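In what follows, a structure is listed as structure tokens, so that the remarks can point back to it.
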Amino acid sequence: MHHELKFIKQEIEKRALNETDKEIIEKSILDGIETAWDRLYKQQPQCGFGLLGVCCNRCVLGPCRIDPFGGEPQRGVCGATSDLIVARNLLDTLATGAAAHSDHGREVLEVLLHTAEGKSQGYQITDEEKLKAVAVDYGIKIEGKSKEEIAKELAVTMLEEFGTLTYGIKFVDARVPEKTKQMWQKLGIVPRSVDREIVEAMHRVQMGVDSDYVNILLHALRTALSDGWGGSMMATDCSDILFGTPTPKTSIFNLSVLSKDKVNVILHGHNPILSEMIVKASEDPEILKLAEQKGAKGINLAGMCCTGNELLMRKGVPIAGTLLDQELAIVTGAVEAMIIDYQCIFPSITFTASCYHTKVISTSSKAKFPGAIHMEFNPASAFDTAKQILRIAVENFPNRNPDRVKIPEKPMKVMAGFSEEVIRKALGGSYKPLIDLIVSGKIKGAVGIVGCNNPKIKMDYGHVTLAKELIKRDILVVETGCSAVACGKAGLLQPEAADMAGEGLRQVCKTLGIPPVLHMGSCVDCSRILVMASKIAKELGVGIEDLPLGGAAPEWYSQKAVSIGSYFVASGVYTVLGIPPTVMGSKNVVELLTDKIKGLTNSAFAVEPDPLKAADLLESEIMRKRKALGI
Ligand code: BF8
Numbered sequence: 001m002h003h004e005l006k007f008i009k010q011e012i013e014k015r016a017l018n019e020t021d022k023e024i025i026e027k028s029i030l031d032g033i034e035t036a037w038d039r040l041y042k043q044q045p046q047c048g049f050g051l052l053g054v055c056c057n058r059c060v061l062g063p064c065r066i067d068p069f070g071g072e073p074q075r076g077v078c079g080a081t082s083d084l085i086v087a088r089n090l091l092d093t094l095a096t097g098a099a100a101h102s103d104h105g106r107e108v109l110e111v112l113l114h115t116a117e118g119k120s121q122g123y124q125i126t127d128e129e130k131l132k133a134v135a136v137d138y139g140i141k142i143e144g145k146s147k148e149e150i151a152k153e154l155a156v157t158m159l160e161e162f163g164t165l166t167y168g169i170k171f172v173d174a175r176v177p178e179k180t181k182q183m184w185q186k187l188g189i190v191p192r193s194v195d196r197e198i199v200e201a202m203h204r205v206q207m208g209v210d211s212d213y214v215n216i217l218l219h220a221l222r223t224a225l226s227d228g229w230g231g232s233m234m235a236t237d238c239s240d241i242l243f244g245t246p247t248p249k250t251s252i253f254n255l256s257v258l259s260k261d262k263v264n265v266i267l268h269g270h271n272p273i274l275s276e277m278i279v280k281a282s283e284d285p286e287i288l289k290l291a292e293q294k295g296a297k298g299i300n301l302a303g304m305c306c307t308g309n310e311l312l313m314r315k316g317v318p319i320a321g322t323l324l325d326q327e328l329a330i331v332t333g334a335v336e337a338m339i340i341d342y343q344c345i346f347p348s349i350t351f352t353a354s355c356y357h358t359k360v361i362s363t364s365s366k367a368k369f370p371g372a373i374h375m376e377f378n379p380a381s382a383f384d385t386a387k388q389i390l391r392i393a394v395e396n397f398p399n400r401n402p403d404r405v406k407i408p409e410k411p412m413k414v415m416a417g418f419s420e421e422v423i424r425k426a427l428g429g430s431y432k433p434l435i436d437l438i439v440s441g442k443i444k445g446a447v448g449i450v451g452c453n454n455p456k457i458k459m460d461y462g463h464v465t466l467a468k469e470l471i472k473r474d475i476l477v478v479e480t481g482c483s484a485v486a487c488g489k490a491g492l493l494q495p496e497a498a499d500m501a502g503e504g505l506r507q508v509c510k511t512l513g514i515p516p517v518l519h520m521g522s523c524v525d526c527s528r529i530l531v532m533a534s535k536i537a538k539e540l541g542v543g544i545e546d547l548p549l550g551g552a553a554p555e556w557y558s559q560k561a562v563s564i565g566s567y568f569v570a571s572g573v574y575t576v577l578g579i580p581p582t583v584m585g586s587k588n589v590v591e592l593l594t595d596k597i598k599g600l601t602n603s604a605f606a607v608e609p610d611p612l613k614a615a616d617l618l619e620s621e622i623m624r625k626r627k628a629l630g631i
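All letters in the sequence shown, in the order written, are residues 1 to 631 by this note's numbering.
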């Protein structure tokens, strides 16, 4: 027994950094609940061909694989080499991620359109100033028009742009610095439209189409750019128009945000279209009365993954956790309902929920989960559906078994809500003060740490260690997605964390009253980082590729992260990955992405699992760019 307990403790230490997570991981083991960590162990050893990216199962000439040690076979049945197989697999993966971000964006546009036409229920145009600014970027005349007229024209133009050939992506014209755009033109990777690049990616990976790995990788960059500067940017900007551009907020993070005496509802997934309406419905007197009747002291909403980030940024709603917290939240035994839309939702959660009283409620026709209650969500009846969903959660409250409940008691305070607009306004309307700080060396540069958790890495260790190391070196950190939540759980998103920063950055943060790690939103909100970089570059009269910036995804898992990393690199931002992508089976592809690409975009990918070494790489790249700028 003693040995068993020791083993459990060791196992918990291996799985997570954060104490509140550890508490619930222990409960999951004691309750006998299978989680992602257990499933990863059961998958060992993972397929070597798959890890190297040298297996191809895209047609039934195969499945084929290449001997990575130089023996036979060296070609698939069609004749594809490891270079081609790896490049095609990578393009396929990236296009999947770009599609996920962009399809989310398209749904936001549809709601904007329906709202402008008066055909949606419960939505409104909240940020008129942003609506007008974005409309101008889109070449729409705003004088003498109502906000509904502008919103309709904008939504239709953007929706049309998704598939258009002729006009290109308007945000690229309006926002990308001239020098960066010229770099893309030279490479032939100016994105034409979201749908076009993604469909063409699918065409190119069909057997017998693109057989040149360089040509495939260039298209991968173009597809990623159509996501970052297209689909994701539209998602961010139109969500701001509908729900408000984020401003600084304080809130709390980790599994302690669950309540002992209220109905706990976890909002998990990505699109604020759903979650914003649930927030609204949770304030409805009828729902609150029902909660009281069922013996609850109210309704407690908590976010999970990027939907959590969306709600935190605009409403200050607390966040229960990241990708690897989704099963743990259910294991607390305190969650009445987990409401989901799409992306990053483990198919296992309905199984986990079946071991407790939690109800999983799916809402999107494109993401059904066996075992979940499906309540289709659409804009025309959004508020009514949101209320119905909450009713299910409230009615489930009496089924909570207090003997099986464990909620940690150490919520962590955070400050979030740093949209590009807020940062710029805080600096007095232009980036000049920030540029001066960078020129003086008080701040050496900035790094965007983004992306997921992955059970292959101790949960949050990569994000937190890298962020701490960078701020210590006077490098400002901006974050999105699960990375921001990981650092929030570790206390890095509070102004007090400035004490962990180097002298220069500490002074700046203390003067402004901000944390040294700025939470800029969900993963589609990486577009906010792009906009900020482009505005700084424009003020300096250089390209984004010249700025002392870096990117990192220390614990990434998702196809979406491949797209983000690639549009960072294509935009000129050197990016370090903590987990190797499945490309190592092609020396040529690796060489291109980590080295030769430098001559094209003045940036590259690097793979470095050790966050301290990753910090070295990022700092030396920042110093190289500072030198080139003469600072
Ligand atoms: O889009 S960081 S695990 S939640 S993919 Fe997913 Fe990764 Fe989290 Fe958001 Ni992004």
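For glycine and all other residues, C-beta sits at the position ideal for the given N, C-alpha and C.
Predicted model only: the values in this text are computed from it and were never measured.
Where the beta strand (DSSP E) containing residue i begins and where it ends
| i | result |
| --- | --- |
| methionine 415 | 412-416 |
| glycine 233 | The amino acid at residue 233 is misidentified as glycine; the sequence shows methionine. It is not in any beta strand (DSSP E) - methionine 233 instead sits in the alpha helix (DSSP H) that spans 232-243. |
| valine 439 | That residue, valine 439, is in no beta strand (DSSP E); its alpha helix (DSSP H) goes 432-440. |
| alanine 372 | Neither: alanine 372 is in no beta strand (DSSP E) and is coded neither H nor E. |
| phenylalanine 171 | Here phenylalanine 171 belongs to no beta strand (DSSP E); instead the alpha helix (DSSP H) covers 170-175. |
| alanine 446 | 445-449 |
| valine 335 | Note, valine 335: premise wrong, no beta strand (DSSP E); not H, not E. |
| alanine 36 | Per DSSP, alanine 36 belongs to no beta strand (DSSP E); it is in the alpha helix (DSSP H), 36-42. |
| leucine 618 | Taken as a continuous stretch (DSSP letters only), leucine 618 belongs to no beta strand (DSSP E), being part of the alpha helix (DSSP H) at 611-629. |
Neighbour-count burial assignment, residue i, 16 or more Cβ in a 10 Å radius
| i | result |
| --- | --- |
| threonine 250 | exposed |
| isoleucine 631 | exposed |
| glycine 550 | buried |
| cysteine 238 | buried |
| glutamine 206 | exposed |
| threonine 245 | buried |
| valine 360 | buried |
| glutamate 420 | buried |
| valine 209 | exposed |
| glutamine 343 | buried |
| histidine 3 | exposed |
| lysine 9 | exposed |
| proline 515 | buried |
Anticipated Cβ contact below 8 Å, residue i with residue j, distance rounded
| i | j | result |
| --- | --- | --- |
| isoleucine 278 | isoleucine 373 | Between isoleucine 373 and isoleucine 278 the Cβ distance is about 15 Å, and since that is not below 8 Å, they are no contact. |
| valine 317 | leucine 301 | 6 Å |
| histidine 270 | threonine 307 | 6 Å |
| aspartate 341 | leucine 274 | 5 Å |
| alanine 95 | isoleucine 189 | Their Cβ separation, rounded to whole angstroms, is 14 Å, which puts alanine 95 and isoleucine 189 out of contact at 8 Å. |
| glutamine 633 | lysine 413 | The question about residue 633 has no answer, for the chain in this structure spans 1 to 631. |
Among the options, nearest to residue i - alpha-carbon criterion
| i | options | result |
| --- | --- | --- |
| serine 566 | Ala380, Cys59, Ser226 | Ser226 |
| lysine 152 | Gly168, Thr164, Phe162, Ala135 | Ala135 |
| threonine 363 | Ala353, Ser354, Asn378, Thr350 | Asn378 |
| glutamine 44 | Ala553, Pro455, Arg222 | Pro455 |
| valine 23 | Arg106, Thr332, Phe383 | This sequence places glutamate at residue 23; valine is not what is there. Of the listed residues, the one whose Cα sits closest to glutamate 23 is Thr332. |
| methionine 202 | Val190, Ala80, Ile189, Ile216 | Ile216 |
| phenylalanine 605 | Pro580, Pro611, Thr575, Lys625 | Thr575 |
| glycine 481 | Ser28, Ile319, Gly53 | Ile319 |
| valine 439 | Lys315, Leu312, Gly321, Gly504 | Gly504 |
| serine 430 | Asn57, Ser534, Ala367, Cys344 | Ser534 |
| aspartate 127 | Arg75, Thr236, Gly231, Thr157 | Thr236 |
| alanine 501 | Ile475, Asn18, Glu34 | Ile475 |
Paired residues, beta bridge with residue i - DSSP
| i | result |
| --- | --- |
| glycine 321 | Met304 |
| lysine 262 | In the DSSP output, where bridge partners are listed per residue, lysine 262 has none listed. |
| valine 477 | Val447, Val517 |
| phenylalanine 568 | None; phenylalanine 568 has no bridge partner. |
| phenylalanine 605 | Thr575 |
| threonine 247 | Answer by DSSP bridge pairing: none, since threonine 247 is not bridged. |
| lysine 359 | Ala337 |
| methionine 459 | Ala16 |
| alanine 367 | Ser364 |
| arginine 65 | Cys55 |
| leucine 547 | For leucine 547, which the question treats as bridged, DSSP gives no partner whatsoever. |
heavy atom of the ligand GTP below 7 Å from residue i C-beta
| i | result |
| --- | --- |
| glycine 451 | With respect to the ligand GTP, the structure offers nothing, as its ligand set consists of the ligand BF8. |
N-terminal and C-terminal residue of the alpha helix (DSSP H) that residue i is part of
| i | result |
| --- | --- |
| leucine 221 | 213-226 |
| serine 527 | 526-540 |
| leucine 290 | 285-293 |
| alanine 382 | 382-395 |
| glutamate 504 | Per the sequence shown, the amino acid found at residue 504 is glycine instead of glutamate. Segment 503-512, the alpha helix (DSSP H) holding glycine 504. |
| alanine 497 | Per DSSP, alanine 497 belongs to no alpha helix (DSSP H) and is neither H nor E. |
CB contact check: residue i to chain C, cutoff 8 Å
| i | result |
| --- | --- |
| alanine 155 | Here chain C cannot be found, since the structure has a single protein chain. |
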